[in-house]
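Asker: Mind looking over this structure? Questions follow.
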Amino acid sequence: MADTPSPHPASGAPSRPGASGYVPIAEHGLIGDLRTVALVGSDGTIDWYCCPAFDAPSVFASVLDAERGGCFELAAVQAARTKQFYFPDTNVLITRFFTEDGVGEVQDFMPVTGASGGGEAERHRLIRRVLCVRGTLPFRARVAPRFNYGADPHTLQAQGCMVLFESATLSLALTATVPLEIDGPDVRADFKLDEGESAVFALDQVGGEVAPRRCAHLEAEEQFSATVAYWRRWLAQSRYRGRWRERVHRSALTLKLLTYAPTGAIIAAPTTSLPERIGGERNWDYRYVWVRDAAFAVYALLRLGFTGEAEAFMRFLTQHISPGDGKANGPLQIMYGIDGRCELPESVLDHLEGHHGSAPVRVGNAAADQLQLDIYGALIDSIYLYDKWAQPISSSQWDDVCALVDWVCDNWDQPDEGVWETRGGRKNFLYSRLMCWVAIERAIRLANRRGLPADLPRWRQTRDAIYRRIMDRGWSAGRQAFVQYEDGDVLDAAMLMMPLAKFIAPTDPKWLSTLDALTEDLVSDSLVYRYDPRSSPDGLRGDEGTFSICSFWYVEALTRAGRLDEARLAFEKMLTYANHLGLYAEEIGRTGEQQGNFPQAFTHLSLISAAYNLDRALG
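In our numbering, each number is its position in the sequence shown, counted from 1, plus 390.
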């Protein structure tokens, strides 16, 4: 749990540790309603909230610009120590304030409504319930929305204990059980609670079928209980009973928060442009469906017994993605919008300074147009596992698989941008070859097990050709290791997937030599760098931190090689890099700080896989 001082300001922008107005990326918790999320700082400030969906423009974005981004502060007036934790087995977040005069807490949650949409499902209610649990405590709230990433003005209209914020494209209603005061474009509230007393704030999207509605004490209590019950019901499906149950279940709950209920899409992360290094330019928008990330997430959730999410993602693929439609870079894009849209144009928001001044702030993602051959292996592997562990795929789904595999057979040997989406030109990346092998190999397994029609002679011939190509041109005799791209000598942590994908035996001498080389070159105190950008230029300036999915891949590779003591130590060390709530960003910096978009699906799904396999190996 976080334990940080939190002096609350009397006016102006939020007072944060230091002069910058920012708290670290890791000093946040996550709440959501399976359509969007909010990031709540350990000092009680909502720093990020997009409404009504993950990829909608932000309403609160002070994590990207402390002055212009907008925020929702709610905290004790006097200096307080704060601690933050999740209500057990849920995504309900509690921030506690400890002062000389009393102890209070803020319960933050978003009620989960039906996935079908319409009516109350469009309310997108964010509830903040404040309680004084000991003594007497004065609180102050400041609600400062800044619509459309802080670019659109808004008007305010007061109606008793309700204020309506209206912009050109979005209207929000703030209701409270304490008096509200308009202060320029913002709303404030000052109130004091005695032991046992509470106050409620609710922020609703309104318009169309959704009218403003007060959120009284009783309704807040009922929605709190319903939200707790929803998350506990969902988590009860888990079959995991291993050593790291709490960590694994927190990762599962986080992955669930990154699913978009109306379509079944699974996003890579709920934020944009949180920097991979403070002051650097490696800032990207991750609020979309990466085929690779979503397929890996399906694998992790299936492992734990969550078949519903896998079924929903398969429906997303069937209903919203049309393979084989003549796209220049193959039958599939590497990413899609949460509604399946293909166009994700990338632009820069120059009016926002970026987290700690780390510009640019980007919206959209130009990598959508890249060629990344590895996505076919990730996707077909997840379809194979879904068919094996959940329910058999349909005949039309099999037709789509065959079309994808036939395309891979025709195109596996061309250069691409690779798994890390480098912007330094296409190469013959080994990981892309590996996952093309996986695509064909899993399809052959599926055809054989189900007796499905397929061009098996051609598929086998291509699969074997890829295997020989990797062994002949992906192996460096000088490095005694498999390398990043053909005929090169640069190491890449993506090679950790070779035994995980069952391409090579985890005790094969060539693999063990590769594992040793990766340990020597890319591993630092169990943390794993993706590659060395100085040896393999990626078209971007600056360095980056260690990549957390690679660190968990490393644990799993050690596990499969039988090096269990090393694997367990590396895993336990990785757990110490989580934030106070068990959440991970994309990367970890030199002094242990979390970097990049937060929280990231890639990291949490790889934690689940590593924990599952290590626990099984330990017996």
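The C-beta atom is built at its ideal place from N, Cα and C for all residues, glycine as well.
So Tyr944 is in the alpha helix (DSSP H); what residue range does that whole segment cover?
Answerer: It spans Ser938 to Arg950 - the alpha helix (DSSP H) in which Tyr944 sits, taken as one unbroken run.
Asker: Between Ser448, Leu739 and Glu587, which has its C-alpha nearest Arg519's C-alpha?
Answerer: Taking only the C-alpha atoms, the option nearest Arg519 is Glu587.
Asker: Looking at Leu794: is its Cβ nearer than 8 Å to the Cβ of Gly459?
Answerer: Their beta carbons are not under 8 Å apart, which means Leu794 does not touch Gly459 by this criterion.
Asker: Could you have a look at Glu585 and say whether DSSP puts it in helix, strand or coil?
Answerer: It is coil, neither helix nor strand.
Asker: Alpha carbon to alpha carbon, what distance is there between Leu527 and Thr653?
Answerer: Approximately 44 Å between the Cα atoms of the pair.
Asker: Provide the residue span of the alpha helix (DSSP H) that contains Leu846, from first to last.
Answerer: Counting along the chain, the alpha helix (DSSP H) containing Leu846 begins and ends at Leu846 to Arg863.
Asker: Using only alpha-carbon positions, find the residue among Asp455, Val502 and Pro442 that is nearest to Gln595.
Answerer: Of the candidates Asp455, Val502 and Pro442, the one whose C-alpha sits nearest the C-alpha of Gln595 is Pro442.
Asker: Looking at C-alpha atoms only, which residue of Phe614, Ala844 and Ala531 is the closest neighbour of Arg515?
Answerer: Closest by alpha carbon: Phe614.
Asker: Can you have a look at Asn818 and say buried or exposed, based on whether 16 or more other CB atoms are within 10 angstroms of its CB?
Answerer: Per the 10 Å Cβ criterion, buried.
Asker: Flag this pair as yes or no: are the beta carbons of Ser663 and Tyr539 separated by less than 8 Å?
Answerer: In this structure, Tyr539 does not lie closer than 8 Å to Ser663 by Cβ.
Asker: Of the choices Asp675, Arg667 and Ala690, whose alpha-carbon is the least far from that of Gly727?
Answerer: Among Asp675, Arg667 and Ala690, the Cα nearest to that of Gly727 belongs to Asp675.
Asker: Is it true that the segment 881-890 meets the segment 837-853, where meeting means three or more beta-carbon pairs spaced less than 8 Å apart?
Answerer: Flag = no, the segment 881-890 and the segment 837-853 do not touch.
Asker: Quick one: residues in its chain with C-beta nearer than 7 Å to the C-beta of Ala563, no 5 flanking neighbours on either side, listed in chain order?
Answerer: Answer for Ala563: Met552, Leu554, Asp594, Val596 and Pro602, listed in chain order.
Asker: Between which two residues does the alpha helix (DSSP H) holding Trp621 run?
Answerer: Where Trp621 is concerned, the enclosing alpha helix (DSSP H) stretches over His607 to Leu625.
Asker: So, at 8 Å on beta carbons, what are the nonlocal neighbours of Leu842 in its own chain, with the 5 sequence-adjacent residues on each side left out?
Answerer: Excluding sequence neighbours, Leu842 sits near Trp788 and Leu836.
Asker: From what residue to what residue does the beta strand (DSSP E) around Met885 run?
Answerer: Neither: Met885 is in no beta strand (DSSP E) and is coded neither H nor E.
Asker: Helix, strand or coil: which one does DSSP assign to Glu495?
Answerer: Looking at Glu495 - three-state DSSP - the assignment turns out to be strand.
Asker: For Ile436, count neighbouring Cβ atoms within 10 angstroms of its own Cβ and tell me buried if that reaches 16, exposed if not.
Answerer: Counting Cβ neighbours within 10 Å, Ile436 comes out buried, since at least 16 surround it.
Asker: With H, G and I counted as helix, E and B as strand and the rest as coil, what does DSSP make of Leu384?
Answerer: Residue 384 is absent from the structure shown; the chain starts at 391 and stops at 1009.
Asker: The alpha helix (DSSP H) that contains Cys354, what's its start and end?
Answerer: Since the first and last residues shown for the chain are 391 and 1009, residue 354 lies out of range.
Asker: Buried or exposed for Gly434, please, with buried defined as at least 16 other CB atoms from any protein chain shown within 10 angstroms of its CB.
Answerer: It counts as buried.
Asker: Please specify which runs of the alpha helix (DSSP H), each continuous and at least 4 residues long, are wholly inside the segment 522-608, giving them in chain order.
Answerer: List check, alpha helix (DSSP H) in window: 537-540.
Asker: Restricting to runs no shorter than 4 residues, where is the alpha helix (DSSP H) found entirely within the segment 646-727?
Answerer: Segments of the alpha helix (DSSP H) lying fully in the segment 646-727: 681-694 and 697-710.
Asker: Quick check on Pro922: does DSSP put it in helix, strand or coil?
Answerer: The sequence given here has Asp at residue 922, not Pro. Reduced to three states, the DSSP call for Asp922 is coil.
Asker: So, does the segment 969-986 touch the segment 948-960, judging by three or more C-beta pairs under 8 Å?
Answerer: Because the criterion of three Cβ pairs below 8 Å is not met, the segment 969-986 and the segment 948-960 do not touch.
Asker: Going by other Cβ atoms of all chains shown within 10 Å of its Cβ, with 16 needed for buried, is His418 buried or exposed?
Answerer: Its Cβ being crowded by 16 or more others within 10 Å, His418 is buried.
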